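In my numbering, the protein residues as written are 77 to 441. Glycine included, C-beta positions come from ideal geometry on N, C-alpha and C. Quick caveat: nothing in here was measured; it's all calculated off a predicted structure. These notes concern the structure reproduced below.
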């Protein structure tokens, strides 16, 4: 039994001896760890945040018909540039029997009232010439005659409007002709010839004949997180990147920050709006998605290091500065603006000094 224990002890001792020899051999033949160093550099640091949104026209209107019926003529198509007052479509009225009967009854009543007022005025003309009635009473009947005449003309126009959708009266608001209300480009013409449409009134939005927008005045509409909104101010510069237009960055000017946020997927976001600054040759289609880089702060020609080189001691930033080859000392520094990659060094570090990269040492091969 003693011989067995002795044999085991000898084997263990030999194994440990071999392992220690191998360990010290590798230790003696391993190259020393060489730490990478970098020197501070001069650069511009821009701190910015990103808002997502889309490009939309500042002024976009939906042109609707003031009468119901079907589209008889369509004079435009999407993409066409139109002027204010330009004819877009003509509507064929489908007369409503009840409305026509009511309009005819109103016209007959207005004619009877007019004829009665005409007879009364003719009688008072003679009496006034004979100095039988005073001028004040004569003027009263004369004004009543004018009112009845105007009512009869209005009833005639209303009957024609109900039957045909247009009126002989110049400047009549309701018409079966649809005109553009602004200068701009037609973004959409959702109807075709023969399409049934509903008039615009107090109880119904009506059928859209065309959508017109001023494409020379565009805005960026987006949303920004509540953690960043406090840093924004009106008239800040924005850099717009549009996914559909590669290689171009458009300038914009922030003009509106919503006073109230909206809940979006569990986080509060605030709508913002910015004016897109376009050149004469630029053309951007409505509805493009875009990202806006908002410049919060900027420093030009400052001494900086990579932010990944910073280390912290009780929230105080420091770096390790090389004092001799591969010898480093701890140095507290004061930092400034950061863009997430580079950080400004305000004091505590000279541009010629070498700073240790705080990573795992890599042996030189």
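Across the stretch 367-385 and the stretch 115-131, are there enough close Cβ pairs to call them in contact, namely three or more that are closer than 8 Å? yes
Which residues in the same chain have their Cβ closer than 7 Å to the Cβ of residue 232, if we skip the five residues on either side of it in sequence? Counted from its first residue, the chain shown places residue 232 at position 156. Within the same chain, and ignoring the five residues on either side of residue 232 in sequence, the residues whose Cβ sits closer than 7 Å to its Cβ are 183.
Backbone secondary structure at residue 111 - three-state DSSP: For the purposes of this step, residue 111 is taken as residue 35 along the chain shown, with counting starting at 1. Secondary structure of residue 111 (DSSP, three-state): coil.
Residue 272 and residue 164 - do their beta-carbons sit closer together than 9 Å? As a working mapping, residue 164 is identified with position 88 in the chain shown. As a working mapping, residue 272 is identified with position 196 in the chain shown. No. Outside cutoff.
Among residues of its own chain, excluding the 5 on either side of residue 425, which ones have a beta-carbon nearer than 8 Å to its beta-carbon? In the chain shown, residue 425 corresponds to position 349, counting from 1. Once the five neighbours on either side are set aside, the close Cβ partners of residue 425 are 116, 379, 381, 395, 397, 407, 409, 431.
Which value, in whole angstroms, describes the spacing of the CA atoms of residue 247 and residue 145? Position 171 of the chain shown, counted from the start, is the residue given in the question as residue 247. Position 69 of the chain shown, counted from the start, is the residue given in the question as residue 145. Confidence at residue 247 is low in this model, with a pLDDT of 48, below 50, so the placement of that residue is unreliable and no value is reported for it.
Curious, which full-length beta strand (DSSP E) runs of at least 3 residues does the stretch 159-190 contain? 163-169
Three-way DSSP call (helix, strand, coil) for residue 256 in this model: Residue mapping note: residue 256 aligns to position 180 of the chain shown, counting from 1. Here residue 256 sits in coil by DSSP.
8 Å Cβ shell around residue 118 - same chain, five flanking residues per side excluded: Residue numbering aside, residue 118 sits at position 42 when the chain shown is read from its first letter. Correct list, in chain order: 377, 378, 379, 380, 427.
Does the beta-carbon distance from residue 354 to residue 315 come in below 9 Å? Translated into positions along the chain shown, residue 354 becomes position 278. Translated into positions along the chain shown, residue 315 becomes position 239. No, the pair does not count as a contact, with Cβ atoms beyond the cut-off.
Quick one: what's residue 129 bridged to in DSSP? Taking the chain shown and counting its residues from 1, the one referred to as residue 129 is at position 53. Answer is 298, 366.
Among 218, 269, 112, whose alpha-carbon lies nearest the alpha-carbon of residue 401? For the purposes of this step, residue 401 is identified with residue 325 of the chain shown, where counting begins at 1. Ranking the options by Cα distance to residue 401, first place goes to 112.
Taking 9 Å as the threshold (C-beta atoms), are residue 235 and residue 176 in contact? As a first step, residue 176 is located in the chain shown; it is residue number 100 there, counting from the start. As a first step, residue 235 is located in the chain shown; it is residue number 159 there, counting from the start. Contact flag set, yes.
Put residue 117 into one of helix, strand or coil per three-state DSSP. Within the chain shown, numbered from 1, the residue matching residue 117 stands at position 41. Residue state, collapsed to three classes: strand.
Nearest neighbour of residue 356, chosen from 344, 365, 291 [CA to CA]: Against the chain shown, residue 356 aligns to sequence position 280. For the residues 344, 365, 291, the minimum Cα distance to residue 356 belongs to 291.
Under 8 Å Cβ to Cβ from residue 156, same chain only, skipping five residues before and after it: list those, please. As a first step, residue 156 is located in the chain shown; it is residue number 80 there, counting from the start. The residues 261, 262, in chain order, have a CB closer than 8 Å to that of residue 156 in the same chain once the five nearest residues on each side in sequence are set aside.
With residue 137 as the anchor, note down where its beta strand (DSSP E) starts and where it stops. What you label residue 137 is simply residue 61 of the chain shown in a count that begins at 1. Unbroken beta strand (DSSP E) run through residue 137: 136-140.
Using the three-state DSSP reduction, which class does residue 415 fall into: helix, strand or coil? Indexing the chain shown from 1 puts residue 415 at position 339. The answer is coil: DSSP assigns residue 415 none of H, G, I, E or B.
Can you pull the DSSP bridge partners for residue 317? The residue you call residue 317 lines up with position 241 of the chain shown. Per DSSP, 325, 367.
Selected residue, minimal CA-CA separation from residue 135, among 302, 296, 415, 93: Within the chain shown, numbered from 1, the residue matching residue 135 stands at position 59. Of the candidates 302, 296, 415, 93, the one whose C-alpha sits nearest the C-alpha of residue 135 is 296.
Between the alpha carbons of residue 210 and residue 151, how many angstroms are there, rounded? Looking up residue 210 in the chain shown gives position 134. Looking up residue 151 in the chain shown gives position 75. Those two C-alpha atoms are separated by around 60 Å.
What residues in its chain sit with their C-beta under 6 Å from that of residue 434, if we drop five residues either side in the sequence? Sequence index remark: in the chain shown, residue 434 carries index 358 (1-based). Correct list, in chain order: 387.
When the Cα of residue 414 is compared with those of 346, 383, 403, which residue comes out closest? In the chain shown, the residue the question calls residue 414 occupies position 338. Of the listed residues, the one whose Cα sits closest to residue 414 is 383.
Measure the C-alpha to C-alpha separation of residue 216 and residue 191 and round it to an integer number of angstroms. Numbered from its first residue, the chain shown carries residue 216 at position 140. Numbered from its first residue, the chain shown carries residue 191 at position 115. Going by the C-alpha atoms only, they are around 16 Å apart.
Other residues of its chain near residue 114: CB distance less than 8 Å, five sequence neighbours each side excluded: Reading the chain shown from its first residue, position 38 is the one you call residue 114. Within the same chain, residue 114 has close Cβ partners 381, 382, 385, 430, 431, 433.
Give the DSSP-derived three-state secondary structure of residue 408 in the structure shown. As a working note, residue 408 is residue 332 in the chain shown. In the structure shown, residue 408 sits in a strand (DSSP, three-state: E or B).
Quick check on the burial criterion: 16 or more other C-beta atoms within 10 angstroms. Buried or exposed for residue 133? Position 57 of the chain shown, counted from the start, is the residue given in the question as residue 133. Counting Cβ neighbours within 10 Å, residue 133 comes out buried, since at least 16 surround it.
With a threshold of 8 Å (Cβ to nearest heavy atom), would residue 159 be considered close to the ligand ADP? With respect to the ligand ADP, the structure offers nothing, as it holds no ligand at all.
Along the beta strand (DSSP E) that carries residue 344, what are the first and last residues, could you check? The residue given as residue 344 occupies position 268 in the chain shown. Under the DSSP assignment, residue 344 falls in the beta strand (DSSP E) whose first and last residues are 343-353.
Taking only the alpha-carbon atoms, compute the straight-line gap between residue 149 and residue 362 and give it to the nearest angstrom. What you label residue 149 is simply residue 73 of the chain shown in a count that begins at 1. What you label residue 362 is simply residue 286 of the chain shown in a count that begins at 1. Approximately 27 Å between the Cα atoms of the pair.
Which of the three DSSP states is assigned to residue 384 in this structure? The residue you call residue 384 lines up with position 308 of the chain shown. In this structure, residue 384 counts as helix in the three-state DSSP scheme.
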